[in-house]
Amino acid sequence: MPPPLVDQYGLGVSHADIGLGAFESHLAAAVGSRGPAAPGTTFFDSWLGLAVRRWCPPLLGVEPHCAPVHYLAARRALGAYQATRLLLRGCGVGAYLLAAGAVEAPLSAAELASATGAPTYEIVPIQALAGQVADGSHTARGFLAATADALAGAPARRAVAFAIAPGPLPAAPPEARAVREAAERWLRARARGARPSDPVLLRHLLWSALTTGLPIQLHCPEPDRVADFLAATVGLGTDLVLLPGHGGHRSAARLAAAFPHVYADVGPAPWETLRLAPFGKLLFSTGARGLPELYVVAARQFAAAMTRLATEWCAEGVCTPPQAQRIADLVASGTARRVYRLPAEAGSSAPAPSSARG
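Numbering-wise, the sequence shown is residues 2 to 359 according to my numbering.
Okay, structure coming up:
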């Protein structure tokens, strides 16, 4: 319990073979470090490092908690692709939603699907899409028209959602003149490949994406700052999924409870967020980037947390075992299948990882 999982947001896996230094840099980024490990330690000396050493080595045929150099030697002997394949096929995720373009030398959605044996769906980062369109645009009018076409065409390209980090969000779209002037300023100043950051342009892009009907993931470090926007978009027919920063999951859960079209990432502490929002408004994600090990750890920690929570709630009489299983199924995959309109079988093929139980 609770796999199979649908990972509603991951940033992809790198193709590259990884040495100790590069592996530690990925661990450092994942724990939010801005500098080297403390003298005499490594980033394996962290909660994340312990989790990697507990759950990942057995998937590669190595003893759990082996020395990092031993684990990485076994990983290199298998090769990056085979190691990725074994790790992701054993992690308990049965379907992936992939936000492309965030990892150097990434596996494509098709390559990830081949490696995992699980369906993989694309999330379109709106800023990245606008940057690509701008590379081929010479006027603000042309850029705005081409961006509107690209957003409208995303569903036909089998995208299942948009994603954006919008900044402050007033409760109304900007005026057309302000949008045109912002586009002109940005196009004049931008370097090729640059993505928009102007708040007027971002608001315009977001409101344009709302007209497509695809769900939109909002990356919002402080969810309460988007409450007015959430209120203004009730009834438009587009679901919004909040992906908060560290410490923002409780606020996101409260907003998901408040608005019928708003959902939230369940976060690393489901025992907190499940008390704040209806169970069908919260979704699992790994948020993993670069290392397949990060997918393994996120999936196993979520499964273990849900198992502990179900055991506690059943022991206290809060719910029955069948009710606990239904809650776990909703958060693990059921709500994601509904919100992102995935096929019913998405996430049905991954086995439950035995080490996540108990």
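Every residue, glycine too, gets a C-beta built ideally from N, C-alpha and C. Small disclaimer: the values here were computed from a predicted structure and weren't measured.
CB of residue i within 8 Å of CB of residue j, strictly
i: A215; j: A162; result: Note that residue 215 is Leu in the sequence shown here, rather than Ala. Contact: yes.
i: T287; j: A299; result: yes
i: T85; j: V14; result: yes
i: L277; j: Q9; result: no
i: G194; j: P222; result: no
i: L60; j: L98; result: no
i: A329; j: A345; result: no
i: R159; j: G118; result: no
i: R77; j: D18; result: yes
i: A155; j: R196; result: no
i: A164; j: P224; result: no
i: A184; j: A141; result: yes
i: A233; j: A172; result: yes
For residue j and residue i, the rounded distance between their alpha carbons
i: T213; j: A81; result: 38 Å
i: L295; j: R204; result: 32 Å
i: A31; j: R290; result: 8 Å
i: L73; j: L331; result: 36 Å
i: L123; j: A101; result: At residue 123 the sequence reads Glu, which differs from the Leu that was named. Taking the straight line joining both Cα atoms gives about 7 Å.
i: A228; j: W48; result: 33 Å
i: G20; j: S26; result: 10 Å
i: P352; j: H220; result: Low confidence applies here, because P352 scores a pLDDT of 39, under 50, leaving its location unreliable; read the following figure in that light. Approximately 30 Å between the Cα atoms of the pair.
i: P200; j: G132; result: 15 Å
i: P40; j: D46; result: 11 Å
i: C92; j: W314; result: 25 Å
i: A192; j: A166; result: 20 Å
i: A151; j: W187; result: 19 Å
i: R55; j: E176; result: 54 Å
i: Y341; j: G246; result: 22 Å
i: A316; j: P169; result: 44 Å
i: P174; j: G143; result: 20 Å
i: P5; j: A29; result: 29 Å
i: G236; j: L343; result: 22 Å
i: Q324; j: A333; result: 14 Å
i: A96; j: Q302; result: 17 Å
i: S356; j: R35; result: Bear in mind that the predicted position of S356 carries a pLDDT of just 33, short of 50, making it unreliable; the figure below should be weighed with that in mind. In a straight line, the C-alpha of S356 is about 32 Å away from that of R35.
i: T321; j: H71; result: 44 Å
i: A75; j: V63; result: 7 Å
i: A149; j: L202; result: 12 Å
i: S198; j: G268; result: 27 Å
i: S350; j: H66; result: Confidence is the limiting factor: at S350 the pLDDT is only 43, short of 50, which leaves the residue's position unreliable and the question unanswerable from this model.
i: P58; j: L79; result: 12 Å
i: H16; j: G50; result: 21 Å
heavy atom of the ligand NAD below 7 Å from residue i C-beta
i: A300; result: With respect to small molecules bound, the structure shown includes none, and the ligand NAD cannot be examined in it.
Residue span of the alpha helix (DSSP H) that contains residue i, given as start and end
i: F369; result: Residue numbering for the chain in the displayed model covers 2 to 359; residue 369 lies beyond these limits and cannot be assessed.
i: Y72; result: 69 to 79
i: I328; result: 322 to 330
i: A100; result: Segment 94 to 100 is the beta strand (DSSP E) holding A100; no alpha helix (DSSP H) there.
i: L207; result: 200 to 211
N- and C-terminal bounds of the beta strand (DSSP E) containing residue i
i: E112; result: Unbroken run through E112 is the alpha helix (DSSP H), 110 to 117; no beta strand (DSSP E).
i: P245; result: 241 to 245
i: G50; result: No beta strand (DSSP E) contains G50, which is instead part of the alpha helix (DSSP H) from 48 to 56.
i: A31; result: Per DSSP, A31 belongs to no beta strand (DSSP E); it is in the alpha helix (DSSP H), 21 to 31.
i: V340; result: Per DSSP, V340 belongs to no beta strand (DSSP E); it is in the alpha helix (DSSP H), 336 to 340.
i: V63; result: Here V63 belongs to no beta strand (DSSP E), and DSSP marks it neither H nor E.
i: D225; result: Element bounds for D225: n/a, residue is neither H nor E.
i: V7; result: 6 to 11
i: H220; result: 217 to 221
Reference residue i, options the options, closest by Cα
i: D266; options: V242, L231, A39; result: V242
i: W272; options: A254, Y264, L99; result: A254
i: L244; options: V263, F230, T321, A333; result: V263
i: L256; options: R142, L275, G238; result: L275
i: P69; options: Q83, L79, A164, V53; result: V53
i: D240; options: F260, A111, A146; result: F260
i: K282; options: Q218, H16, G95, T336; result: T336
i: A179; options: L145, A153, A149; result: L145
i: A190; options: W208, H139, L206, Q324; result: H139
i: A153; options: S109, A111, L206, S198; result: L206
i: R338; options: A110, P65, A111, P120; result: P120
i: V94; options: E64, A304, V319; result: A304
i: Q83; options: H71, H66, L108; result: L108
i: G238; options: G33, W208, H66, A111; result: W208
i: F24; options: R251, T43, Q326; result: T43
i: G22; options: A38, A306, P58, S115; result: A38
i: L12; options: S252, P293, R251; result: P293
- Item | Continuous alpha helix (DSSP H) assignments of at least 4 residues falling wholly in the segment 250 to 314 | 250 to 259, 271 to 274
- Could you tell me which uninterrupted alpha helix (DSSP H) segments, each at least 4 residues in length, are contained entirely in the segment 127 to 177, listed from first to last along the chain? 127 to 136, 141 to 154
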